[in-house]
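Participant:
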Amino acid sequence: MPEGIYCNKQTADTPEEVNKLLSDTSGNLYYQEMEVLDVDTDLLWKTIQNTCKSRTRTWLEICAHCGMCADSCFLYEVNGRNPKQVPAYKIQSTLGEIIKRKGQVDNAFMRHAMRVAWAECTCCNRCGMYCPHGIDTGIMFGYLRGLLYGQGFVPWELKIGAGMHRAYRAQMDVTDADFVDTFEWMVEEYEEDYPGLTVPIDKKGADIMYTVNAREVKHYPEDLAEAAILFHLAGENWTVPSKGWEQTSLAMFAGDWAACKMQVESVYAAMERLTPKRMVGTECGHAHRATVIEGPYWAGRKDGQPPAPSIHYVEWLAEALNTGKLKIDPSKRIKEPVTLQDSCNYIRNHGLKKATRDIMYHIVEPGFFIEMAPNKEHNYCCGGGGGFNGIGKFRKERNIALIKKRDQILETGAKLVVAPCHNCWDAIRDLEEEYEIGIRWSFLKPLLIKMVVIPDHLKPEE
Amino acid sequence: MHDFLIGTFFWIALGVCLTGMLVRFVLYFRGLSWQLDRVAYWAHPKAGLKGAVRSIYKWLIPFGTRGWQTQPFITIAFFGFHIGAILVPLFLMGHGFFMEGKLGFRFFTLSAALGDILSWMALAAGSLLLVRRLVLPEVRILTTWNDILILALSMSPFATGLMARYQVGNYGFWLNMHILCGEILLIAIPFTKLSHVFLFFASRAQLGMDFGIKRGGMNGTKMAW
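From first to last, the protein sequence lines are chains B and P. Under my numbering, the first residue of the first sequence is numbered 110, with each subsequent residue one higher. Under my numbering, the first residue of the second sequence is numbered 279, with each subsequent residue one higher.
1. Which stretch, first to last residue, makes up the beta strand (DSSP E) that contains Ile317 (chain B)?
2. Taking Cβ-Cβ distances shorter than 7 Å, what residues in chain P pair up with Val263 (chain B)?
3. Are there 16 or more other CB atoms within 10 angstroms of the CB of Met279 (chain P), so buried, or fewer, so exposed?
4. Run through DSSP, which three-state label would Trp534 (chain B) get?
5. Rounding to the nearest angstrom, what Cα-Cα distance links Ala408 (chain B) and Ser333 (chain P) in this structure?
6. Evaluate Trp346 (chain P) with the Cβ neighbour count: other Cβ atoms within 10 Å of its Cβ, from every protein chain shown; 16 or more gives buried, anything less gives exposed.
7. For Gly439 (chain P), report the span of its beta strand (DSSP E) as first-last.
8. Whose C-beta lies closer than 6 Å to the C-beta of Phe262 (chain B) among residues of the same chain, with five residues either side of it excluded?
9. Would you tell me roughly how many angstroms separate the C-alpha atoms of Cys490 (chain B) and Glu541 (chain B), rounded to the nearest one?
10. Between Ala466 (chain P) and chain B, is any beta-carbon pair separated by less than 8 Å?
11. Would you kindly work out how many angstroms separate the C-alpha atoms of His487 (chain B) and Leu420 (chain P), rounded to a whole number?
12. Within 10 angstroms of the Cβ of Ser389 (chain P), are there 16 or more other Cβ atoms? Answer buried if so, exposed if not.
13. In three-state DSSP terms, what is Leu449 (chain B)?
14. Please state whether DSSP places Phe307 (chain P) in a helix, a strand or coil.
15. Spell out whether any CB of chain B is found under 8 Å from the CB atom of Arg384 (chain P).
16. What separation, rounded to the nearest whole angstrom, lies between the Cα atoms of Thr134 (chain B) and Gly259 (chain B)?
17. Identify the residues that DSSP records as bridge partners of Arg515 (chain B): which are they?
18. Ala271 (chain B) to Asp316 (chain B), Cα distance in whole Å?
19. Considering only the alpha carbon of each residue, which of B:Gln356, B:Tyr303, B:Ile518 lies closest to Pro569 (chain B)?
20. For Lys492 (chain P), which residues in chain B fall below 7 Å Cβ to Cβ?
21. What distance in whole Å lies between the Cβ atoms of Cys453 (chain B) and Cys161 (chain B), which are believed to be in contact at a cut-off of 8 Å?
22. List, in order along the chain, the chain B residues whose C-beta lies closer than 7 Å to that of Pro415 (chain P)?
23. Where Ala323 (chain B) and Thr357 (chain B) are concerned, what is the direct C-alpha to C-alpha distance, given to the nearest angstrom?
24. According to the Cβ coordinates, are Asp425 (chain P) and Arg410 (chain P) closer than 8 Å?
25. Name the chain B residues whose beta carbon is nearer than 9 Å to that of Gly309 (chain P)?
26. Are Leu283 (chain P) and Leu458 (chain P) touching if we call contact CB-CB under 8 Å?
27. Run down chain B in chain order and give the residues with a C-beta less than 9 Å from the C-beta of Lys471 (chain P).
28. So that I know if they touch, is there some Cβ in chain B lying closer than 8 Å to that of Asp281 (chain P)?
29. Please return the same chain residues whose Cβ sits closer than 7 Å to the Cβ of Ile509 (chain B), not counting the five positions on each side in sequence.
30. By the criterion of Cβ-Cβ separation under 7 Å, what are the contact partners of Met177 (chain B) in chain P?
31. Using CA coordinates, which residue listed in B:Gly113, B:Val148, B:Lys312 is at the minimum distance from Tyr575 (chain B)?
32. What are the boundary residues of the alpha helix (DSSP H) that includes Gly205 (chain B)?
33. Would you mind telling me which residues of chain B sit closer than 7 Å to Met501 (chain P), beta carbon to beta carbon, in chain order?
34. If we count the other Cβ atoms within 10 Å of its Cβ and call it buried at 16 or more, is Phe351 (chain P) buried or exposed?
35. Report buried or exposed for Phe356 (chain P), applying the criterion of at least 16 other Cβ atoms within 10 angstroms of its Cβ.
36. Do His604 (chain B) and His474 (chain P) have their C-beta atoms within less than 8 Å of each other?
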């Protein structure tokens, strides 16, 4: 059974193993090796028999082949309405075919399935809402990704990403010490402007335990400071765990369910250790999906809930604004046409549309907020979801995928896009770089920092 | 022949259909797994039930969901076909009398004129569905011979029934063909895509529970998924 040095069925579990993968520039050797990687068809079929139960089998069987899902898929639309991009076709010709052939598929088929699973579906779940039979193709693609990952047919970056979670319990090589040091350092930077600003590490019984995206630690440390400042100004009793602080899960994009479990259990362990009243996660869509929506199931929690009530940053922020914990200086509200990106992972898939609209109500001067069309649960994926943003091999396809969001934004006429999700934020940044439509984009925290009223007792002494 | 069709074969067809669907229904729900499906079905029965009922109810109403609203052509063809396919077999006067003889009860009956209209509507709508299948590239790519066969089988009781109704040629022949087509259809239900007759409710209930429990329902979302 030929297994490559880089591309194989083994997981990368240690920093050394992850580094070895990283040493292969752009995954060139990895993808070369993939071309001769054997398919363990017996394992594939056995896995399917053990894990593909009535829901998925019924979905595949009763699909009426009506094609109503076609128009719901932005990838179908932006790829010239290519029939091969119809969600039902994509899943029937991959997962459906694997099951029909009882797992007896070859290397070329698996590589094709990998392309479809990661470059032709972002698991945005929009098609699921347009199917009369309630068939959610995005869920099936998530399942297919797991089968492909188990056989080593996974994009290089996501194999690395899943490995990072296994090795560091973070999506990047950020250690617990790095996290604590960076957070403390960033807070020190702002201490003078905000007297009394601290980052309480491992405080037990706090009202809020805050979790982040490792990217913030590595690339956008201001985000940590902004979070601390806003909690500080709102008078929150909050903390961050020194271990179990990473909310994201590239393992979820990769279909590495064992790594998903490891990752989310590290966060849950922090909740159990620190017993906060609530967990608040950062402005990230898939992180919320992984830790709050899907995570309980990976961790075997029968009630489908994390150990502590867990909310998205937009829920906390909407609450802080609605209750007056944070007040906005009306003169500093946004006074230019602005639109809002609804993240699939917590709007369509967790119903948080009201929270983001409440926030827009507070921070935008009346008349300047313009909804995209369609919006809320029906909004389109940013174009880079489900791991698409990070896969070099499918960059060209990803750039085409951005067209839908580009056109939606252009239609609004807005020059500023509020994107409270790392993936959406990246995609919108990339679409500006690629198509130069003259827009700016922002998370909520930096916008809030500029317009929030600092209570007198928290102002620096003159 | 006629006696066999309305006697033994009728009971076989009805028995296979009902037993088959009962088995499939039970197997479907027994095969649901809270951990593999990642839906806490049992932990939140109220939210689940609400989601399931809403999901089924909204999709049963013409233009009741965004999906139906955005695609009026198929919505009209779909409901045109399905309204006939449900009302005519159960409520046509002739069927009512047949049922009464066999099962000892019948439902209310449609007037003959309404029966005609619904039958023609089903045939016309079924033809539109077929044309749509062959004309639209996004549907054609999905279409298999099986799909066409199933559609033809579903339309055959209407076609043969109308031939008998208008006594085109040999009435007895068309009546027997009509009964045979209907009975083959019944037998096919549990084993083919026609299983959606029942499994539609199962599948919609599942997705309704999924969204109702896990993906927004418990956060107050009231949409139909």
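Using N, Cα and C, we set each Cβ at its ideal position, and we do this for glycine too.
Facilitator: Working from what's here:
1. Boundaries of the beta strand (DSSP E) harbouring Ile317 (chain B): 317-320, taken from the DSSP string.
2. Simply none; closest approach about 20 Å.
3. Exposed is the label assigned to Met279 (chain P), since fewer than 16 other Cβ atoms lie within 10 Å of its Cβ.
4. Under the three-state reduction of DSSP output, Trp534 (chain B) falls in the helix class.
5. Rounded to whole angstroms, Ala408 (chain B) to Ser333 (chain P) spans 28 Å at the Cα level.
6. Burial call: buried.
7. Taken as a continuous stretch (DSSP letters only), Gly439 (chain P) belongs to no beta strand (DSSP E), being part of the alpha helix (DSSP H) at 423-443.
8. For Phe262 (chain B), same chain residues with a beta-carbon under 6 Å away, outside a window of 5 residues either side, are Met219, Met223 in chain order.
9. Whole-angstrom Cα-Cα distance: 16 Å.
10. The Cβ of Ala466 (chain P) sits no closer than 8 Å to any Cβ of chain B.
11. The alpha-carbon atoms of His487 (chain B) and Leu420 (chain P) are separated by roughly 24 Å.
12. Per the 10 Å Cβ criterion, exposed.
13. The three-state secondary structure of Leu449 (chain B), taken from DSSP, is strand.
14. DSSP, reduced to helix, strand and coil, places Phe307 (chain P) within a helical segment of the structure shown.
15. Judged by the 8 Å Cβ criterion, Arg384 (chain P) is not in contact with chain B.
16. Each residue's Cα considered, the two are about 23 Å apart.
17. None, per the DSSP bridge assignment.
18. Distance between the alpha carbons of Ala271 (chain B) and Asp316 (chain B): 31 Å.
19. Closest option to Pro569 (chain B), Cα to Cα, is B:Tyr303.
20. Within chain B, the residues near Lys492 (chain P) are Ile402, Gly413.
21. With a Cβ gap of about 24 Å, Cys161 (chain B) and Cys453 (chain B) do not count as contacting.
22. By Cβ distance, chain B contributes Pro192.
23. Note on geometry: alpha-carbon atoms of Ala323 (chain B) and Thr357 (chain B) lie some 8 Å from one another.
24. Against a cut-off of 8 Å, the Cβ pair of Arg410 (chain P) and Asp425 (chain P) comes out as no contact.
25. Those within 9 Å of Gly309 (chain P) in chain B are Lys162, Ser163, Arg164, Arg166, Thr167.
26. Yes. Within cutoff.
27. Listed by position along chain B, the residues whose Cβ is nearer than 9 Å to that of Lys471 (chain P) are Glu170, Ile171, Cys172, Ala173, His174.
28. Judged by the 8 Å Cβ criterion, Asp281 (chain P) is not in contact with chain B.
29. These residues qualify, in order along the chain: Val187, Asn188.
30. Chain P residues near Met177 (chain B): Gly345, Gln349, Ile352.
31. Residue 575 (chain B) is absent from the model: chain B starts at 110 and stops at 571.
32. From DSSP, Gly205 (chain B) is part of no alpha helix (DSSP H); its letter is neither H nor E.
33. Those are Glu486, listed as they occur along chain B.
34. Exposed is the call here.
35. So Phe356 (chain P) ends up on the buried side.
36. Chain B is shown from 110 up to 571; residue 604 (chain B) falls before or after that span and cannot be answered.
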